[in-house]
Structure formats: structure tokens, C-alpha cells
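To keep things clear, I will list the structure first and then write my remarks on it.
Numbering (our numbering), first residue to last: 89 to 164.
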């Protein structure tokens, strides 16, 4: 048994949610500035800000570490 394909975008209708409208891919549109609390936070030191945990074995290279017994994710 194969999984069914998602039907969200099957009909290619721009109004699949309330207020959707079709626009040309080259059309310009006005953006709005996001107001987030983290942008106003004063930071005391430089460096990496937060860690993200994921089960996907992809991401940024941080440093070289000996693999030890964990050999399921080795980059060459």
C-alpha cells in the first residue's frame, strides 16, 4: 500500500484558504515589518544564539569530533 499524495494543492486554486489571490510571479508586493520580542532583546556577548535539535542528519558544520562508537552519521 502506497501513501496517498496530499490533496492541498491538487486543484491549483489560489483561494484554498480565505483571502488567497493569484499574482504574477514577477509582480512586486509590499512587505510588512515583523515585530518580534527577540529582535528587541539586548545581548551581552557575541556568538551562536540558540541550538536546534533535529533527527535529520543534515545541517551546518560546526567542528570535527572523533566518531567513537557512533558511526551512523559520518561526513567526508
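Virtual Cβ for every residue (Gly too), placed ideally from N, Cα, C.
Between the C-alpha atoms of residue 130 and residue 90 there is a straight-line separation of about 51 Å. Residue 153 and residue 132 have their C-alpha atoms spaced approximately 29 Å apart. It is roughly 35 Å from the alpha-carbon of residue 117 to the alpha-carbon of residue 134. In the three-state reduction of the DSSP assignment, residue 125 falls in the helix class.
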